[in-house]
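Below is one structure, written out as structure tokens; the observations come after it.
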Amino acid sequence: MITTTGKRVAGAVAASAVGLTLMAVSAGTASAADVTGSCSSKGSTANYSATYKTASGKDWITKVSWHLGGAKKVGNKNNVEARAKYDKTLGHDTIKHTWISADNAKPDGSKNLNGWDMARKEKSYVEFKFAIDVKGADPHCSGHTASF
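What follows is the structure, encoded as structure tokens:
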């Protein structure tokens, strides 16, 4: 059985006298947020997130992260795929960017990304696929973040 969930976790902005002054001086600066999700298969789990910021009229995905675990010990030969997609209500979701790990992703890992821009006027999300390295047959699971 494969399950997935996704939710949006927005970054908080501290409001202090210095912070308010800085925000007033630097109008239009970037804001950042994380979108998260999880999937599971055969007793193994994957929790994942994508970090993005909004700047220059675009959403810029800057990092993908994951934590793999479950009932069996997870090895160091995991496979991770991340794809940034446009969330189309009708038809096929368009893939804009793809990153695929080598057969050596650690159970707790991340990948800093450069140039992963998404049109701000479009709803976007990041899809994840995992092959989790455990003794015996490797379970696979996939899911995606909430749209942003």
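Using the working numbering, read the sequence shown as starting at 996 and increasing by one per residue.
Note that the Cβ used here is the ideal one computed from N, Cα and C, for glycine as well.
Same chain, Cβ closer than 6 Å to residue i, neighbours up to 5 away in sequence not counted
i            : result
residue 1040 : 1064, 1065
residue 1084 : none
Continuous beta strand (DSSP E) stretch holding residue i: start and end
i            : result
residue 1122 : 1119-1126
residue 1053 : 1053-1065
residue 953  : Absent from the model: residue 953. The displayed extent of the chain is 996 to 1143, so no value can be given.
residue 1048 : 1039-1050
Per-residue burial, residue i [other beta carbons within 10 Å of its own, 16 or more giving buried]
i            : result
residue 1046 : buried
residue 1093 : exposed
residue 1087 : exposed
residue 1044 : buried
residue 944  : Outside the shown range of the chain, which is 996 to 1143, sits residue 944, and nothing can be said about it.
residue 1073 : buried
residue 1110 : exposed
residue 1140 : buried
Check: residue i C-beta below 8 Å from any heavy atom of the ligand GDP
i            : result
residue 1143 : Within the structure as shown, the ligand GDP is missing, as the structure has no ligands at all.
Same chain, Cβ closer than 7 Å to residue i, neighbours up to 5 away in sequence not counted
i            : result
residue 1134 : 1036, 1037, 1039, 1127
residue 1114 : 1053
residue 1067 : 1038, 1039, 1129, 1130
Rounded distance between the beta-carbons of residue j and residue i, thought under 8 Å
i            : j            : result
residue 1077 : residue 1121 : 6 Å
Contact set for residue i: own chain, Cβ-Cβ below 8 Å, skip 5 residues either direction
i            : result
residue 1117 : 1081, 1082
residue 1103 : 1061, 1062, 1063
Counting only runs that start and end within the segment 1078-1112, where is the beta strand (DSSP E) found for 3 or more residues in a row?
1090-1095
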